[in-house]
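Chemist: Have a look at the structure that comes next, please.
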Amino acid sequence: MASDQGVHETPEPRARPLRRVARVVLLDPDERVLLLHGHEPDDLTTAWWFTPGGGLEGAETHEEAARRELAEETGITGVDLGPELWRRVCSFTFAGRRWDQDERYYLARARSSVTGPTALTELERRTVAGARWWSCEELTSTHETVYPNRFAELLRTLLDEGVPARPMTLDS
């Protein structure tokens with residue numbers, strides 16, 4: 000599911016297992032990052048930007064899910080999927096339900112910046128308004144909501160210092 004980054008995050012106790020999620024920090028040849036623009040299904044004014052990705056299916060690995068979700072949501076295939084960058088456990092309300100997730104973020108490099116979704120779910124078709132390549136400078140100066148929190152800072156560190164030695168745990 001593409002738009003699983005709601006703006007109503009709450010730290011309530013979890014009553015069900017965490018949904019396992021793979022996300023992609025996709026950089027183009029100019030080191031811009033691709034983000035999807037999402038909103039609540041019935042409220043276009045509650046909007047945010049988030050990385051491509053979604054839930055694991057069946058016995059899929061996080062890496063397999065990252066590649067599949069990237070292809071479905073952006074049409075981009077054949078990426079060089081790099082190491083796991085970050086981990087985040089989060090809970091939020093989106094589309095009238097609560098989502099409890101264990102997210103893994105992977106670095107990927109695209110050879111092209113041409114995008115076009117190929118297999119959005121019904122909910123994604125109602126909630127994903129488009130995609131955009133962002134420079135780190137644009138992310139730093141935007142007043143729009145971007146997930147994960149502090150994404151511009153995380154991206155700047157990644158671009159300046161490279162991939163962390165082991166995945167960092169992010170605040171939810």
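Residue 0 is where the sequence shown starts when you use numbering that gives the first Met the number 0, and the numbers rise one by one after that.
Beta carbons: idealized from backbone N, C-alpha and C, even for Gly.
Since this is a predicted model, take the numbers as computed values, not measurements.
1) Would you decide whether residue 51 is buried or exposed? Buried here means 16 or more other CB atoms lie within 10 Å of its CB.
2) Once the 5 residues before and after residue 61 are set aside, which same chain residues still bring their CB inside 6 Å of it?
3) Taking 9 Å as the cut-off, decide whether the C-beta atoms of residue 170 and residue 112 are in contact.
4) Helix, strand or coil for residue 179? Go by DSSP, reduced to three states.
5) Between the alpha carbons of residue 75 and residue 109, how many angstroms are there, rounded?
6) In chain order, which beta strand (DSSP E) runs of at least 3 residues are fully inside the region 61-119?
7) Hey, residue 46 and residue 37 are a contact pair by Cβ (cut 8 Å); roughly how many whole angstroms apart?
8) I need the straight-line Cα distance from residue 114 to residue 130, nearest angstrom please.
9) Between the C-alpha atoms of residue 88 and residue 97, what's the straight-line distance to the nearest angstrom?
10) From residue 84 to residue 141, what distance separates their C-alpha atoms?
11) Just grab the DSSP bridge partners of residue 131 for me.
12) Which of the three DSSP states, helix, strand or coil, is assigned to residue 155?
13) How about residue 133 and residue 48: are their beta carbons less than 9 Å apart?
14) Is residue 160 buried or exposed, if buried means 16 or more other CB atoms sit within 10 Å of its CB?
15) Give the straight-line distance between the Cα atoms of residue 100 and residue 145, rounded to the nearest whole angstrom.
Modeler: Let me lay it out:
1) Buried, since its Cβ has 16 or more Cβ neighbours within 10 Å.
2) Annotation for residue 61: 21, 103 place their beta carbon closer than 6 Å to its own, counting only its chain and skipping 5 residues before and after.
3) Contact flag unset, no.
4) What is shown of the chain runs 0 to 171, which leaves residue 179 out entirely.
5) When rounded, the distance between both Cα atoms is 8 Å.
6) Within the region 61-119, the complete beta strand (DSSP E) runs of at least 3 residues are 79-93, 96-108.
7) Yes, they are in contact, since the Cβ atoms of residue 46 and residue 37 sit about 7 Å apart, within 8 Å.
8) Straight-line spacing of the CA atoms in residue 114 and residue 130 works out to 8 Å.
9) Put simply, the backbone Cα of residue 88 is about 13 Å away from that of residue 97.
10) Going by C-alpha positions, residue 84 is about 23 Å away from residue 141.
11) Note: residue 131 sits in a beta bridge opposite 34.
12) Residue 155 falls in the helix class under three-state DSSP.
13) Yes.
14) Residue 160 should be labelled exposed.
15) Taking the straight line from one Cα to the other gives about 17 Å.
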